[in-house]
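*Asks:*
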Amino acid sequence: MRAAYRNHPLWLAFALHRLSGLGLALFLPAHFYVLGLALHQPQQLDGFLAFGAHPMVKLAEFGLVFLLAVHMFGGLRLLALEFLSITARQKTLIAVAISAAFALACLFLLRAFSI
Amino acid sequence: MLNLRLYLLQRITAMIMAPLVLGHLAVMVYAIQGGLSADDILSRTQGSLAWAVFYGLFVLAVSVHGAIGLRVIVHEWTGLRGAALGFLTWGSFAMLAIMGGRAVMAVTLA
Amino acid sequence: MDVAIWKGDGAGGQYEHFAVPAEDNQTILDVVSWVQQNADPTLSYRFACRVGMCGSCAMMVNGTPRWTCRTHVKKVLKDGQLKVAPLNNLPVVKDLVVDMDPFFDKWIKAGGLHAPSKTRDDDIAAIAPDTDGRQNANAGIECINCSVCYAACDTVRSNPDYLGPAALQRAWTIVNDEKHAARGAVLDLVAQSDGCFNCHSMGSCTAHCPNDLDPMQAIARLKRAAIKHQLAGGGRDA
Chain S
1 MRAAYRNHPL WLAFALHRLS GLGLALFLPA HFYVLGLALH QPQQLDGFLA
51 FGAHPMVKLA EFGLVFLLAV HMFGGLRLLA LEFLSITARQ KTLIAVAISA
101 AFALACLFLL RAFSI
Chain L
116 MLNLRLYLLQ RITAMIMAPL VLGHLAVMVY AIQGGLSADD ILSRTQGSLA
166 WAVFYGLFVL AVSVHGAIGL RVIVHEWTGL RGAALGFLTW GSFAMLAIMG
216 GRAVMAVTLA
Chain E
226 MDVAIWKGDG AGGQYEHFAV PAEDNQTILD VVSWVQQNAD PTLSYRFACR
276 VGMCGSCAMM VNGTPRWTCR THVKKVLKDG QLKVAPLNNL PVVKDLVVDM
326 DPFFDKWIKA GGLHAPSKTR DDDIAAIAPD TDGRQNANAG IECINCSVCY
376 AACDTVRSNP DYLGPAALQR AWTIVNDEKH AARGAVLDLV AQSDGCFNCH
426 SMGSCTAHCP NDLDPMQAIA RLKRAAIKHQ LAGGGRDA
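Residue numbers (our numbering), protein chains in the order written: chain S, 1 to 115; chain L, 116 to 225; chain E, 226 to 463.
Quick look at the structure:
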């Protein structure tokens with residue numbers, strides 16, 4: 001259970017930023033490996049990409065797009081906080097960052113499932 | 116465990132990547148429709164200096180940014196410090212930069 | 226009501242339960258004092274002024290660090306239960322008393338000592354109250370050193386060498402204090418590897434500060450000032 005003192009929006013935004021960043025950092029080597037296949041084994045790359053047609057994989061990709069977008073929007077919020085002294089309305093900015101990331105990921109998913 | 120240099124590198128790479136991420140997201144949303152194939156991707160990127168620069172810069176920035184991020188997380192979660200922490204930072208940077216560089220070459224070399 | 230109070234020392238301890246009569250007007254400090262006076266005279270806790278001035282009575286109350294003398298039971302009671310523990314992130318001396326040394330040591334480490342720029346023979350420096358510097362300093366000077374922010378900070382929790390919100394906010398007030406003689410040196414101190422650049426802006430300090438101060442904002446501004454100072458060569462005094 002989340003300790004009571006962490007029960008506020010900025011802490012949640014911090015946790016989301018950290019976990020999304022960690023997730024992306026761990027995903028990147030796999031991402032790079034698969035793309036690197038194009039160099040010598042293009043058939044294998046096609047195999048991996050075909051794997052991407054599986055609905056469950058598309059859902060996982062939805063998650064990745066969300067992680068990337070939420071880390072970027074959350075990061076922009078932090079840059080604004082640190083370098084532009086925009087410290088008011090952090091709650092609103094966090095909500096905007098998460099919604100924008102979610103909307104982008106949904107757009108991606110809709111496109112992924114349309115033929 | 117962040118001094119001025121690491122902190123600035125983290126923020127500068129973040130600022131470099133913000134537009135790159137937006138571009139990458141746009142490419143993904145555009146390219147995903149109708150499924151992905153190696154041919155689709157490679158015909159778009161191979162032989163293109165613009166994509167090579169775009170993703171080359173992206174890989175370099177993310178290698179720095181990711182390595183520093185991992186350094187902070189590992190230090191805070193495990194207490195690792197000193198030479199071992201430096202090794203981890205440089206190691207993650209090298210792994211991301213080498214694998215990422217190879218991926219960029221793979222999809223952009225004609 | 227059922228009150229669980231942590232009892233033990235640096236080696237460990239456990240919660241002990243006490244049935245404490247509820248009253249209309251009752252602070253957490255009242256409850257702890259009632260237990261000490263009526264149920265368990267061995268209970269150790271710390272307080273002095275009882276009016277939110279001295280900063281000595283902070284404890285974890287139902288999982289959140291609070292100044293206990295100004296926290297009403299009604300505000301924090303959860304299902305008729307109260308859990309009181311020593312502050313997080315500081316070594317326990319006994320029961321509810323923590324060793325504040327690391328907290329104050331960091332205050333000094335961040336350049337918190339005053340360095341006078343004049344002697345008693347000089348005139349008092351005139352500081353215009355509406356300058357940016359004075360406004361910035363004013364925003365942080367009501368800190369009572371209660372360590373609530375320090376106990377709420379997860380960056381301190383996972384990096385025990387991190388200077389923490391109170392010391393860094395103090396540094397920011399000093400950097401803005403025209404009467405201080407070593408403002409550049411303070412900016413050098415906070416730019417070190419366990420200084421202000423470790424803050425992740427998770428905001429628990431600001432969320433829980435009993436005096437409604439905003440250490441997170443102070444640290445954000447301190448970061449910028451420290452960057453400027455270091456890029457300009459550092460070391461020198463403003």
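Every residue gets a Cβ at the ideal spot worked out from N, C-alpha and C, and that includes glycine. None of the values given here were measured: they were computed from a predicted structure.
#1: Can you give me the C-alpha to C-alpha distance between Ala463/E and Gly420/E, rounded to a whole angstrom?
#2: Assign Glu82/S to one of two classes, buried (16 or more other C-beta atoms within 10 Å of its C-beta) or exposed (fewer than that).
#3: What is the DSSP secondary structure of Met226/E, counted as helix, strand or coil?
#4: Taking the DSSP output, what are the residues bridged to Asp234/E?
#5: Helix or strand or just coil, what does DSSP make of Leu307/E?
#6: Pull out every residue of the segment 286-316 of chain E whose Cβ sits closer than 7 Å to any Cβ of chain A, in chain order.
#7: Are the C-beta atoms of Gly365/E and some chain S residue less than 8 Å apart?
#8: Between the Cα of Gly238/E and those of Gly337/E, Lys303/E and Ala229/E, spot the shortest distance and give me the residue it belongs to.
#9: Taking a Cβ distance cut-off of 7 Å, strictly less, list which residues of the segment 187-215 of chain L are near chain E, in chain order.
#10: May I ask you to list, following chain order, the residues of the segment 395-428 of chain E that have a beta carbon less than 8 Å from some beta carbon of chain S?
#11: Measure the Cβ-Cβ separation of Val256/E and Val298/E and say whether it is below 8 Å.
#12: Sort out for me which residues DSSP pairs Val286/E with in a bridge.
#13: Assuming Asp334/E and Ala247/E are in contact, meaning their beta carbons sit under 8 Å apart, how far apart are those beta carbons, in whole angstroms?
#14: Could you work out which residues of chain E lie near His71/S, taking near to mean beta carbons separated by less than 8 Å?
#15: Just to check my reading of the structure: Cys434/E and Val373/E have Cβ atoms closer than 8 Å, yes? What is that Cβ distance to the nearest angstrom?
#16: Are there 16 or more other CB atoms within 10 angstroms of the CB of Gly206/L, so buried, or fewer, so exposed?
#17: Along the segment 38-67 of chain S, where does the CB come closer than 7 Å to a CB of chain L? Name the residues.
#18: In the DSSP assignment, find the alpha helix (DSSP H) that holds Gln44/S and state where it starts and stops.
#19: Below 8 Å on the Cβ atoms is my guess for Gly150/L versus Ala53/S; work out the distance and round it to an integer in Å.
#20: For Ala463/E, does the three-state DSSP call read helix, strand or coil?
#21: Would Leu10/S count as contacting chain E if we go by Cβ distances under 8 Å?
#22: Of all the residues that make up the segment 145-174 of chain L, which are near chain S by a beta-carbon distance shorter than 7 Å?
#23: Give the interface partners of Ile203/E over in chain L, defined as CB-CB distance under 7 Å, in chain order.
#24: Hey, out of Thr252/E, Val415/E, Met427/E and Ala264/E, whose CA is closest to Phe272/E's CA?
#25: Applying the 10 Å Cβ sphere with the 16-neighbour rule, what's the burial state of Ile444/E?
#26: Tell me the residue span of the alpha helix (DSSP H) that contains Cys380/E.
#27: Taking 7 Å as the limit between beta carbons, can you name the residues of its chain near Val245/E, skipping five residues before and five after?
#28: Could you pull the DSSP bridge partners for Thr252/E from this structure?
#29: Give me the DSSP bridge partner(s) of His242/E.
#30: I want to see whether chain L comes within less than 8 Å of Gly74/S, judged by CB atoms only; does it?
#31: Check whether the Cβ atoms of Ala221/L and Ala38/S sit closer than 8 Å, and answer yes or no.
#32: Just verifying my parser: in three-state terms, what is the DSSP assignment at Pro341/E?
#33: If you draw a straight line from the alpha carbon of Ser163/L to that of Arg449/E, how long is it in whole angstroms?
#34: Report, in whole angstroms, the separation of the C-beta atoms of Ile147/L and Arg111/S, which I expect to be a contact under 8 Å.
#35: If contact means a Cβ-Cβ distance below 8 Å, which residues of the segment 83-98 of chain S contact chain E?
#36: Excluding the five sequence neighbours on either side, which residues of its own chain have a C-beta within less than 8 Å of the C-beta of Gly21/S, listed in chain order?
*Replies:* For this structure:
#1: The predicted position of Ala463/E is uncertain, since its pLDDT is 45 and thus under 50; no value can be drawn from it.
#2: buried
#3: coil
#4: Gly237/E and Lys319/E
#5: strand
#6: No chain A appears in this structure, whose protein chains are S, L and E.
#7: no
#8: Ala229/E
#9: His190, Glu191 and Trp192
#10: His425, Ser426, Met427 and Gly428
#11: yes
#12: Thr289/E and Val309/E
#13: Reading off the sequence, residue 334/E comes out as Lys, not Asp. So it is not a contact: roughly 43 Å between Cβ atoms.
#14: Near His71/S there are no residues of chain E at all, since even the closest Cβ is about 14 Å away, more than 8 Å.
#15: 6 Å
#16: exposed
#17: Ala38, Leu39, Pro42, Leu45, Asp46, Leu49, Gly52, Ala53 and Val65
#18: Pro42 to Phe51
#19: 5 Å
#20: The predicted model places Ala463/E with a pLDDT of 45, which falls under 50 and marks its position as unreliable; any figure quoted below should be read in that light. Coil, per DSSP.
#21: yes
#22: Ile147, Gln148, Gly149, Gly150, Leu151, Ser152, Ala153 and Leu157
#23: The structure shown does not extend to residue 203/E, since chain E is modelled only from 226 to 463, so the question has no answer here.
#24: Thr252/E
#25: buried
#26: Checking the sequence shown, residue 380/E turns out to be Thr, not Cys. It spans Asp379 to Ser383 - the alpha helix (DSSP H) in which Thr380/E sits, taken as one unbroken run.
#27: Met226, Val228, Val256, Trp259 and Val260
#28: His297/E
#29: Ala229/E
#30: no
#31: yes
#32: strand
#33: 39 Å
#34: 5 Å
#35: Phe83, Ser85, Thr87 and Gln90
#36: His71
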